[in-house]
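Q: Shown below is the structure under consideration.
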Amino acid sequence: MSGTPTPTPAPSLLEVRELCTWFGPDDAPVRAVDGVSFRLERGQTVALVGESGCGKSVTGLSIMQLVPAGGRIVGGEVRLGGKELIRLDRQEMTRIRGRRMAMVFQEPMTSLNPLMTVGEQIAEMLRRHLGLTRGQATGRSAELLAEVGFPRPRRLLGEYPHRLSGGMRQRVMIAMAQSCDPELLIADEPTTALDVTVQAQILELLRGLTARADTAILLITHDLAVVSETADHVVVMYAGLVVESAPTRVLFSRPLHPYTQGLLACVTSITQAKKRLRPIRGTVPAPNALPTGCRFAPRCPRAFARCPSAVPPLVEVEDGHQVRCYLHPGGTR
Amino acid sequence: MSSTYLIRRLFSLATTLAVVALATFLAFEVIPGDPVLTMLGPDADPSLVAAMREELGTDLPLTARLANWVAGVLTGDLGTSIRYARPVGSLILDRVAVSLSVALLAMTAVVLVAIPLGIALAVRRSHWSEPFVATIIQVGMAIPSFWLGIILISVFGLSLGLFPTGGYVPFGAGLFASIRSVTLPAIAIAIPLIAVVVRYTRNSMIDQFSQDYVRTAFSKGFPVRHVVYRHVLRNAALPVITVLGMIFGNVVVGTIIIEQVFALPGLGLLLVTAVSARDFPLIQGLVLYITFFVTLFNLLVDLAYHVIDPRVELT
Amino acid sequence: MMRSNPNLSIGLAIVGLLALLALASLVYTPHDINEMHREHRLEGPSSRFWLGTDNFGRDVFSRVMHGGRTAFFVGSTAVAIGLVVGTLIGAIAGYAGAWVDEAFMRVMDGLLAFPGLIMALMVIAIAGPGTFNTALAIGVMSVPTISRIARSGFIQLKSMDFVQAARTIGVRPVAIMVRHILPNVVSSLVVAASVAFAAAILSEAGLSYLGLGVQPPTPSWGRMLREAQGHFLRSPWSTLAPGLAITLMVLGFYMISNGVRDALDVRGHHL
């Protein structure tokens, strides 16, 4: 498909290509994210799944251009609606954050400013990005709080975060994140710190968001139960790399990578009763001491001679289903 | 601020003041032998000794003397100075303006210089400047203020003639001249304390930068300036406020010594004279007055802290 | 743990150097500290008088050396008093708990309300000036702070498993305190002691400058400043030398305390 001018398709909402985010000194970097690629369409929910330390949170923060101190994006592209974000200057980036993409964090207890009221924290965003007056911003903040399920939003505006429960704070965070109608919401383990009953409410809220406002969600989680209920597509990460990527239903019915299979085997409710529940042996390798070859090989029950030779490529085995494993060498399969 | 907190705080203030008053009273009770003879010397005129005994009430039993002392303190009667033969209260009132202007000017200088400097050093942190800043701050903290005062008086007073070399000009004689007469002493006291507060402010800011809510603020699309001034500053202010309360005691001590350097007729000079003359009623009165003052200042600082921090109800 | 610790090494070097000079003054000073070279008053540094002479024609360098001895004596005596009394009070309060603790701490809070030097001045007024009394006054001044540090250490540790274990097997309270808890409180006390030492040097200088501390003929840095005052423009060295000595000594102890803190606790980042 060369010369002929085909109508270029509208770019994906979010396209991450070969993203690399490293920490520590240049001569011995910690490769937290080491060449991650995936895309996310408008209104879609993609789950980024993996054990802690696999680089999924750093991926989320890299997309926001909020890499923690000591880390830096050393390569790759992050495109939001076709616009490259990595080389954007700081000022332009502040106009995108909060406005076109927003983030909800794992720790509702500490993610809100303890010395500002809930109202102030929502309103300041509306005033900055939408140019509302103080009065308008207050009114809109109350509406937003009502939308996330607070029965008496006006009263909540003057409260300080320490008076709210974890679930309430996370709802405030969501109200804040959706306040400027962003196209993309990155939710980093939004339910991990919460009670099970509250978890369900928060997920319901997020689902409502995609349905109502057509907001795309990048859901970062280690919890496959959450994924099955929420996501359209799943990207599985291991040790800084994408190891499998597939539509949710496909991934749950036909997982190809031994790591994904291992993760699914840990979730009883998903697996058939006769399948035995077995945890994955071993632990995630430290990102500064990665094995050569396939990074999962040392823990893999199906590893064979070829695995330690080189990192296997990510190949498309069927439409929308990619896997990084020598057991599934693409076309030759 | 909750009223239970206020009540608890006032109660602890009352016990603190009671301990202070009791300690000040008892301190001069442990003097071995006869306090009157200690004051007047063993060769004093017996009639004078007897008169003094009656005057001080040292012939009364301990409990009665304590009751007298407490009653006096509560009614503002701090006794009579032996050396000046005047009520301690009026001696203090005559001189308090001097010390107060030095202390307040020094405190103001510390706040106005140290806090912006600390913020700037936290925001513009660079790898190469770090050791220099650290060294300057540590050296600054180690400098004795009265030594600084001696040098300042020589350079800016004697040599350049920009400031008077000593003495106090009261407010009545012109505000400008009055402030000028306490400027050098205030600077001498302020410089080492500026180092202390810069360090705290800077560290407090840096601590806050790594908090989750700062990441949230950035994720909301605010530039560094907004995040620093609207979010971080308020949180970083809390430990700094505590330190300001703590260093007020240092300012007061600094004032006591610096008054000697600049020959300022304030409470410090009065206290030094009283100690050398072993004028016990005067010492007692001054110690009590100064300590009460510092304690009340600390109460204000504490209340300010809890006005800023809504979480007080939890503690 | 074995990473470089510039604060600690520089601090120890400064204090070590000053200690060496102070120790040397026991056996040798370039000049007699009280000998007045009347024809050489207020001179600048020379090969004969390394830091010049004061207004009586006395050798400033020799007096700074000897003043260091005074400073070390007062500092270590004061810190020793503060540590012994403070730790004892803190240990008893922290270990006993309940109303004993409450009462002790109310009193300590009250005493803490006295600005440091005020309490020292009160002790001087009662005991009179002089080298030992100065040390006593400064030691008393540091008791409330040190007792609070010791107390919080003891409270933290007494609930720990190994202490509980020792208690259940019937070890006597005093033995528990000395053998099990004290070694664990030592580190924070070392930090407190070096800060207290720095404060003691400053207080000694202040008191002696006021004429209420160390008395002549014993040389003290604060006293030297008192005598040099007014001669700065003619001969800055008689003012600069003792002031620099105080600053260096205090700086050295600050750096030691920061260095010890660095070595014990990795997360703290301070200047």
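Protein chains in written order, with this note's numbering: chain E, 21 to 353; chain S, -5 to 309; chain C, 8 to 278. Even glycine gets a Cβ: it sits at the ideal position worked out from N, Cα and C. Just so you know, these numbers come straight off a predicted model, no measurement behind them.
1) Looking at the unbroken alpha helix (DSSP H) that takes in residue 23 of chain S, where does it start and where does it end?
2) What does residue 342 of chain E pair with, by DSSP beta-bridge criteria?
3) On the CB-based measure, 16 or more other CB atoms within 10 Å of its CB, does residue 213 of chain S come out buried or exposed?
4) State yes or no: is the C-beta of residue 251 of chain S within less than 8 Å of the C-beta of residue 258 of chain C?
5) In angstroms with no decimal places, state the Cα-to-Cα distance between residue 246 of chain E and residue 45 of chain E.
6) Could you check where the beta strand (DSSP E) with residue 54 of chain E kicks off and where it finishes?
7) Can you find a CB in chain C that lies within less than 8 Å of the CB of residue 187 of chain S?
8) Go through the region 79 to 142 of chain E residue by residue and report every complete run of the alpha helix (DSSP H) that reaches 4 residues or more, in order.
9) What is the DSSP secondary structure of residue 173 of chain E, counted as helix, strand or coil?
10) Could you list the residues in the region 115 to 149 of chain E with a C-beta less than 8 Å from some C-beta on chain S, going in chain order?
11) For residue 238 of chain C, name the three-state secondary structure that DSSP assigns.
12) What are the partner residues of residue 65 of chain E, as DSSP defines its beta bridges?
13) In chain order, what residues of the region 69 to 90 of chain E put their CB closer than 7 Å to some CB of chain S?
14) Is the number of C-beta pairs between the region 235 to 245 of chain E and the region 201 to 209 of chain E that are closer than 8 Å three or more?
15) When you check each C-beta in the region 233 to 250 of chain C against every C-beta of chain S, which residues fall closer than 7 Å?
16) For the pair the region 40 to 56 of chain E and the region 69 to 84 of chain E, tell me if three or more CB-CB distances fall below 8 Å.
17) Kindly list the residues whose CB is nearer than 8 Å to the CB of residue 280 of chain S, restricted to its own chain and excluding five residues on each side of it in sequence; keep chain order.
18) For residue 116 of chain C, which residues in chain S fall below 8 Å Cβ to Cβ?
19) According to the Cβ coordinates, are residue 150 of chain E and residue 194 of chain E closer than 8 Å?
20) With residue 138 of chain E and residue 108 of chain E assumed to form a contact (beta carbons below 8 Å), what rounded beta-carbon distance in angstroms separates them?
21) Which residue wins for smallest C-alpha separation from residue 139 of chain C, given the options C/42, C/225 and C/62?
22) Is residue 294 of chain E buried or exposed, if buried means 16 or more other CB atoms sit within 10 Å of its CB?
23) Applying a beta-carbon distance threshold of less than 8 Å, which residues of chain E neighbour residue 211 of chain S?
24) Please work out which residues of its chain come closer than 7 Å, Cβ to Cβ, to residue 222 of chain S, disregarding the five sequence neighbours upstream and downstream, and give them in chain order.
25) In the DSSP assignment, find the unbroken beta strand (DSSP E) run with residue 258 of chain E in it and report its ends.
26) Mapping the DSSP letters down to three states, classify residue 273 of chain S as helix, strand or coil.
27) Buried or exposed: which applies to residue 58 of chain E, given that a residue is buried once 16 or more other Cβ atoms fall within 10 Å of its Cβ?
28) Any heavy atom of the ligand FAD closer than 7 Å to the Cβ of residue 11 of chain S?
29) Does the beta carbon of residue 346 of chain E come closer than 8 Å to any beta carbon on chain S?
30) Excluding sequence positions up to five away, which residues of its chain have a Cβ less than 7 Å from the Cβ of residue 371 of chain S?
31) Cutting at 6 Å between CB atoms, please list the residues of its own chain near residue 154 of chain C, excluding the five before and the five after it.
32) Tell me whether residue 124 of chain S sits in a helix, a strand or coil according to DSSP, three-state version.
33) Please list the partners that residue 202 of chain S has in chain C, where partner means a Cβ-to-Cβ separation under 8 Å.
34) Going straight from the alpha carbon of residue 123 of chain E to that of residue 217 of chain S, what length do you get?
35) Leaving aside the five residues before and after residue 97 of chain E along the sequence, list all residues of the same chain whose C-beta is less than 8 Å from its C-beta, in chain order.
36) Can you list the residues of chain S that residue 64 of chain E reaches, using a CB-CB cut of under 8 Å?
A: So, from the listed chains and residues:
1) Note, residue 23 of chain S: premise wrong, no alpha helix (DSSP H); not H, not E.
2) E/265 and E/336
3) buried
4) Going by C-beta atoms, residue 251 of chain S is not nearer than 8 Å to residue 258 of chain C.
5) Take the alpha-carbon of residue 246 of chain E and the one of residue 45 of chain E: they are about 36 Å apart.
6) 50 to 60
7) It does not; no Cβ of chain C falls within 8 Å.
8) Under the rule that a run must span 4 or more residues, the alpha helix (DSSP H) segments found entirely inside the region 79 to 142 of chain E read 110 to 116.
9) When DSSP states are grouped into helix, strand and coil, residue 173 of chain E belongs to the helix group.
10) 115, 116, 117, 118, 119, 122, 123, 125, 127, 130, 131, 132, 133, 134, 135, 136, 144, 145, 148 and 149
11) coil
12) E/237
13) 84 and 86
14) Touching, yes.
15) 236, 239, 240, 246 and 250
16) yes
17) 82, 86, 261, 264, 265 and 268
18) 6, 9, 10 and 13
19) no
20) With 8 Å as the limit, residue 138 of chain E and residue 108 of chain E do not qualify as a contact, their Cβ atoms being about 31 Å apart.
21) C/225
22) For residue 294 of chain E, the predicted model reports a pLDDT of 49, less than 50, meaning its position is unreliable; a value from the coordinates is still stated below. Counting Cβ neighbours within 10 Å, residue 294 of chain E comes out exposed, since fewer than 16 surround it.
23) 133
24) 117
25) 253 to 258
26) Here residue 273 of chain S sits in coil by DSSP.
27) Around the CB of residue 58 of chain E, 16 or more other CB atoms lie within 10 Å, so the residue is classed as buried.
28) No copy of the ligand FAD appears in this structure; indeed no ligand is present at all.
29) no
30) In the structure as shown, chain S starts at -5 and stops at 309, and residue 371 of chain S therefore has no counterpart that could be examined.
31) 93, 96, 97 and 115
32) In the structure shown, residue 124 of chain S sits in a helix (DSSP, three-state: H, G or I).
33) What residue 202 of chain S touches in chain C: nothing, since even the nearest Cβ is about 13 Å away.
34) When rounded, the separation of the alpha-carbon atoms in residue 123 of chain E and residue 217 of chain S is 16 Å.
35) 35, 36, 37, 38, 39, 104 and 106
36) Contacts between residue 64 of chain E and chain S, judged by CB atoms closer than 8 Å, are missing: the closest CB pair is about 21 Å apart.
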